[in-house]
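First up is the structure itself, then whatever we jot down about it.
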Amino acid sequence: MINDRYGHSAGDEFLKLISAQLKGCLREGDTLARIGGDEFVAVLDELNDPSESHIILSRMLKAAAAELQVFNHQLQVSASIGVTFYPENNGSADQLLRYADQAMYSAKQLGKNRWHVFDIDKDVAVKHKHEELERLRLALENDEYVLFYQPKINLKDNKLTGFEALIRWDHPDKGILAPFYFLPVLENDVLGIEIGNWVIKTALEQMKDWWDTPLDVPISVNISPMHLQHPDFVSNLKAILAQYPNYRSNTLEFEILESSALKDIDLITDIIHQCNKLGVIFSIDDFGTGYSSLTYLKKLPTKYLKIDQSFVKDMMIDTDNKVIIQGIIELSKAFNLDVIAEGVETPAHAEALLLLGCYLAQGYGIARPMMASSVSKWHNLWLENPVLIDGS
Ligand code: C2E
Ligand code: CA
Ligand code: CA
């Protein structure tokens, strides 16, 4: 920044001054070296105890943050220091430098102008996560994410009633990757929100493509808890929808996890109400796993309950699960919600669900999630011969 703003000779001058400052903090016998553009290494010799370094480290931070005068400019920077101790952290000189480097990275992450002692488990994890996030951001920039679509049908007449959009990463080397490989990394990062908005836009774009075709049905997208609770969620949604003047109310659906719906019920209820006003409806995903109380359920303005696939999967053999499904169906009636089953893998599942009074279904027995370009072909075949297969 100094080079860019004041020229390289100012940058060089500044480096000389700050080196002198740092050198002044060290004892005789210690070593200071500049190893990169703005990176220094200090070797503190002969410490009786790691804690003896603290006073030197504090001095260095202070020295680095001093205001320095360079060619009539008052310049000030801050330092982030990564620390590793030998022999506590055993390794070659090279390894020790790497440890210190990772600790420095953590010091930056923790807010700069501080020192951080290397912790093998934590620091490697932090650095690794940072690199993964960078790669996932690049994937967004390079347009490597795709949405797959999985149909939902009504078991009574086998009509297509909607699609769930499911994200995939079309990795240049590894091919199509399921969300399991990358969503967990995004959990608490703003990048997750950016990707979430990309998902909403892409689903709307897809709906536009399918307008006035036999595939013109609602599309649901999954919304992460952090995205849903972000203060700008509703205004962002409004801005996105404004780009689709022909958007028809209630054709975009959001699936939220039961566990996230329960977090802050008043806030979530308010967000759902506001989205409803914009013509977007909600379902509670993975229902049955989050211990919703009846009061909560009554409060939440959602349209669908989505029975978690773990109950559906072995409902024919596990009577407990069958009873749970029955309970959910009764509950949905009482609260005037529609119920949909996921994980419908075989014709036997469909039959059992029909008997219980659950008509909406999604699962491998109908179709696996597929690329948008394959959907029309699948639907034509389905229209010709609408029977479930054994997809388990
Ligand atoms: P989910 O919302 O519960 O989605 C259903 C998952 O079950 C999908 O896995 C789907 O491929 C799979 N599935 C569908 N039918 C069957 C079946 O009959 N049997 C079995 N065994 N599995 C079936 P997928 O696509 O790997 O997605 C996993 C999870 O990742 C999703 O679970 C959802 O929580 C999350 N996810 C997917 N796309 C997005 C997204 O765009 N945004 C966010 N925030 N989360 C997403
Ligand atoms: Ca879902
Ligand atoms: Ca689910």
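Per the working numbering, the sequence shown starts with residue 21, numbered consecutively. Ideal Cβ positions, reconstructed from N, Cα and C, are used throughout, including at glycine. Given the structure is predicted, the values throughout are model-derived calculations rather than measurements.
Ligand 3 heavy atom lying under 7 Å from the CB of residue i
i      : result
Asp328 : yes
Glu362 : yes
Span of the alpha helix (DSSP H) around residue i
i      : result
Ala203 : According to the sequence as given, residue 203 is Leu; it is not Ala. Note, Leu203: alpha helix (DSSP H), Leu203 to Leu206.
Leu374 : Pro367 to Leu376
Thr271 : From DSSP, Thr271 is part of no alpha helix (DSSP H); its letter is neither H nor E.
Gln294 : Ile285 to Lys297
Phe18  : The requested residue 18 is not part of the displayed model; the chain covers only 21 to 412.
Ser73  : Ser73 to Ala84
Glu33  : His28 to Lys43
Leu317 : Leu314 to Lys319
Range of the contiguous beta strand (DSSP E) that encloses residue i
i      : result
Thr339 : Not the beta strand (DSSP E): Thr339 falls in the alpha helix (DSSP H), residues Thr339 to Ala354.
Lys326 : Tyr324 to Ile327
Gln226 : Taken as a continuous stretch (DSSP letters only), Gln226 belongs to no beta strand (DSSP E), being part of the alpha helix (DSSP H) at Val210 to Trp230.
Ser303 : Val300 to Phe307
Residue i: CB within 7 Å of a non-hydrogen atom of ligand 2
i      : result
Asp305 : yes
Asn242 : yes
Glu184 : yes
Glu275 : yes
Ligand 1 heavy atom lying under 7 Å from the CB of residue i
i      : result
Tyr384 : yes
Val219 : yes
Ala198 : yes
Ile187 : yes
Gly131 : no
Leu203 : yes
Gln249 : no
Glu365 : yes
Pro171 : no
Gly195 : no
Gly216 : yes
Gly411 : yes
Pro321 : no
Pro389 : yes
Sheet register partners of residue i (DSSP bridge)
i      : result
His250 : BP columns for His250 are empty, so no partner.
Met390 : Tyr169
Asn242 : Glu275
Val359 : Leu325
Gly195 : His191
Arg54  : Phe60
His136 : Gly102
Val90  : His93
Gln382 : Glu362
Ala185 : Tyr169 and Val241
>> Give the list of continuous beta strand (DSSP E) stretches no shorter than 3 residues that lie fully inside the segment 93-129.
In response: 93-95 and 100-103
> Which parts of the segment 138-182 are runs of the beta strand (DSSP E), unbroken and 3 residues or longer, counting only runs that do not cross its ends?
Replying inline: 165-174
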